[in-house]
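At position 252 of the sequence shown (counting the first as 1) the number is 252 in the UniProt record's numbering, and the numbers step up by one without a gap. Please read the structure below before turning to the comments.
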Amino acid sequence: MAKLREKYKNKNSSDTRDLDVIELKAFIGLLMLTAIFKSNHEDIRSIFATDGSGLDIFRCVMNSNRFAIILVCLRFDDPETRLERKKNDTLAPISDIFNAFIKNCQSAYTLGTNMCIDEMLVSFRGRSKFKMYMPAKPCKYGLKVMALTDARTRYLYNAYIYCGKDSDGFDLSDTEKLYSKPTQAVLKLAKPIFGTHRNITADNWFTSIELVNLLKSKGLTYVGTIKKNKGEIPVSFLPNKQRSIGSSLYGFTSDITLLSYVPKKYKAVLLVSSMHHNEGKVGESGKPEIIDFYNLTKRGVDSIV
């Protein structure tokens, strides 16, 4: 940042001055406060308002003009080389700072035994060709981020921004790129924990028998819901009129357990696990242990945004 500032600063402007580390940290702190006060989409003038409706702590740190100048001018890459870098990296303007952030996340924390993988939508209404509309999400418009978190503490450990169909396979080997997109996404996120014998929990968009076996070979277990249209699912595990509410049906291979549970009439929830290998174990809720474990470890990503 300091290198680029010297290169591009306007020496004839009376509205700007050098930004030092202390002021930068103060600015970042104010950005965090906008999230805490849920003011991150609020007009700067209203945040710094002096009529009693603004936030006093902001005016104590800096004035609104200084805040706006830093916000507008802050950049994390060299614009002269950006076009060339964008040929291979759509996220070139922020890649360096984002990758540094993820690296710091991984170096500053020791993970627990259970992880969660899911997508999240970070609210954003600016200009971006990979901005998405997801009506099921609270914010609806934003950037889709695929994330790996600690299932207990919700700590973000690995993530990447989805910026097109090749995002999931970026940085993967040619062999890994032959797998389905959901499998590629899990491999990309889980690479830092290969061989650690941790568990990953994810929903049915990610789950396949292919993925479960692949993670097993990488020293990881997996628990997740699975879609009913997968070819490996026996017909007897699908919803039917004969099965009673609360009934469970198990299927086993040497490495994988398949569970079909009936929460209500004509419905069946399917889960696979390479972590559980016992039939009939019931959790505290009265449901099969696999379902209780899934519900306990699935929400690690949802609580971040």
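No residue lacks a Cβ here, since even glycine has one placed at the ideal position from N, Cα and C. If you're wondering where the values come from, they're calculated on a predicted model, not measured in any experiment.
**Study point:** Integer Cβ distance of Y222 from I193, believed to fall under 8 Å
**Key:** Along the sequence shown, read from residue 1 onward, the residue named residue 222 stands at position 222. Along the sequence shown, read from residue 1 onward, the residue named residue 193 stands at position 193. Your pair Y222 and I193 does not check out as a contact, with CB atoms roughly 12 Å apart and the cut at 8 Å.
Practice item. Report the option in S248, L215, T110 and Y157 whose CA atom is closest to the CA atom of K103. Key: Your numbering for residue 103 matches position 103 in the sequence shown. Closest option to K103, Cα to Cα, is Y157.
Practice item. To the nearest angstrom, report how far apart F124 and T149 are at their CA atoms. Key: By 1-based counting over the sequence shown, the position of residue 124 is 124. By 1-based counting over the sequence shown, the position of residue 149 is 149. In this structure, the CA atom of F124 is about 22 Å from the CA atom of T149.
Review point. How is the beta strand (DSSP E) around E119 delimited, first residue to last?
Key: As a first step, residue 119 must be located in the sequence shown, where it is residue number 119. For E119, the enclosing beta strand (DSSP E) begins and ends at N114 to S123.
Review point. For L270, which option in W205, K218 and T110 has the closest C-alpha, if you only look at C-alpha atoms?
Key: Within the sequence shown, residue 270 is the residue found at index 270, counting from 1. The residue from W205, K218 and T110 with its alpha-carbon nearest to that of L270 is W205.
Check your understanding: Between which two residues does the beta strand (DSSP E) containing G224 stretch?
Key -> Mapped onto the sequence shown, residue 224 falls at position 224. Here the beta strand (DSSP E) through G224 covers T221 to T225.
Review point. In chain order, what residues of the same chain lie with their CB nearer than 7 Å to the CB of G246, ignoring the 5 residues before and after it?
Key: For the purposes of this step, residue 246 is taken as the residue at position 246 of the sequence shown. Cβ neighbours of G246 beyond the five flanking positions: V262.
Practice item. Kindly indicate which three-state DSSP category F237 falls into: helix, strand or coil? Key: Along the sequence shown, read from residue 1 onward, the residue named residue 237 stands at position 237. DSSP, read as helix, strand or coil, puts F237 in helix.
Point to revise | For D96 and D77, the rounded distance between their alpha carbons | key: Here residue 77 refers to the residue found at position 77 when the sequence shown is read from its first residue. Here residue 96 refers to the residue found at position 96 when the sequence shown is read from its first residue. D96 has its alpha-carbon roughly 8 Å from the corresponding atom of D77.
Exercise for review: Determine the extent of the beta strand (DSSP E) in which G29 is found, giving its start and end residues.
Suggested key: Here residue 29 refers to the residue found at position 29 of the sequence shown. Segment V21 to I36 is the alpha helix (DSSP H) holding G29; no beta strand (DSSP E) there.
Practice item. Evaluate D168 with the Cβ neighbour count: other Cβ atoms within 10 Å of its Cβ, from every protein chain shown; 16 or more gives buried, anything less gives exposed. Key: One-based indexing of the sequence shown puts residue 168 at position 168. So D168 counts as buried.
Practice item. Taking 8 Å as the cut-off, decide whether the C-beta atoms of I44 and F67 are in contact. Key: In the sequence shown, residue 44 corresponds to position 44, counting from 1. In the sequence shown, residue 67 corresponds to position 67, counting from 1. For I44 and F67, yes; Cβs fall inside 8 Å.
Check your understanding: Would the beta-carbon of G251 fall within 8 Å of that of P234?
Key -> Taking the sequence shown and counting its residues from 1, one reaches residue 251 at position 251. Taking the sequence shown and counting its residues from 1, one reaches residue 234 at position 234. In this structure, P234 lies closer than 8 Å to G251 by Cβ.
Exercise for review: Starting from the N-terminal side, write out each stretch of the alpha helix (DSSP H) that is 4 residues or longer and does not extend beyond the segment 159–211.
Suggested key: Secondary structure remark: continuous alpha helix (DSSP H) runs of at least 4 residues inside the segment 159–211, in chain order: 181–190.
Check your understanding: Thinking C-beta only, is R198 closer than 8 Å to K115?
Key -> Here residue 115 is taken as the residue at index 115 of the sequence shown, counted from 1. Here residue 198 is taken as the residue at index 198 of the sequence shown, counted from 1. A quick correction: the sequence has Met, not Lys, at residue 115. It is a contact, given that the beta carbons lie within the stated cut-off.
**Study point:** C-alpha distance - A202 paired with A26, whole-angstrom precision
**Key:** Locating residue 202 in the sequence shown gives position 202, where the first residue counts as 1. Locating residue 26 in the sequence shown gives position 26, where the first residue counts as 1. Distance between the alpha carbons of A202 and A26 is about 37 Å.
Check your understanding: Between the C-alpha atoms of D255 and Y294, what's the straight-line distance to the nearest angstrom?
Key -> Walking along the sequence shown from the start, residue 255 turns up at place 255. Walking along the sequence shown from the start, residue 294 turns up at place 294. Rounded to the nearest angstrom, the two C-alpha atoms are 18 Å apart.
Point to revise | Sequence-distant residues of the same chain with beta carbon closer than 7 Å to V122, five excluded per side | key: The residue given as residue 122 occupies position 122 in the sequence shown. If you ignore the 5 residues before and after V122, its C-beta comes within less than 7 Å of the C-beta of G142, L143, V145 and V305, all in its own chain and listed in chain order.
**Study point:** Nearest-angstrom Cα separation, counted from F101 out to I94
**Key:** Within the sequence shown, numbered from 1, the residue matching residue 94 stands at position 94. Within the sequence shown, numbered from 1, the residue matching residue 101 stands at position 101. Taking the straight line from one Cα to the other gives about 11 Å.
Practice item. Could you tell me which residues DSSP pairs with V72 in its beta bridges? Key: Numbered from 1 along the sequence shown, position 72 holds the residue referred to as residue 72. Per DSSP, V72 has no beta-bridge partner at all.
Point to revise | Candidates A268, G231, E232 and K230, of which the one nearest S248 by Cα | key: Working through the sequence shown from its first residue, we reach residue 248 at position 248. The residue among A268, G231, E232 and K230 with its C-alpha nearest the C-alpha of S248 is A268.
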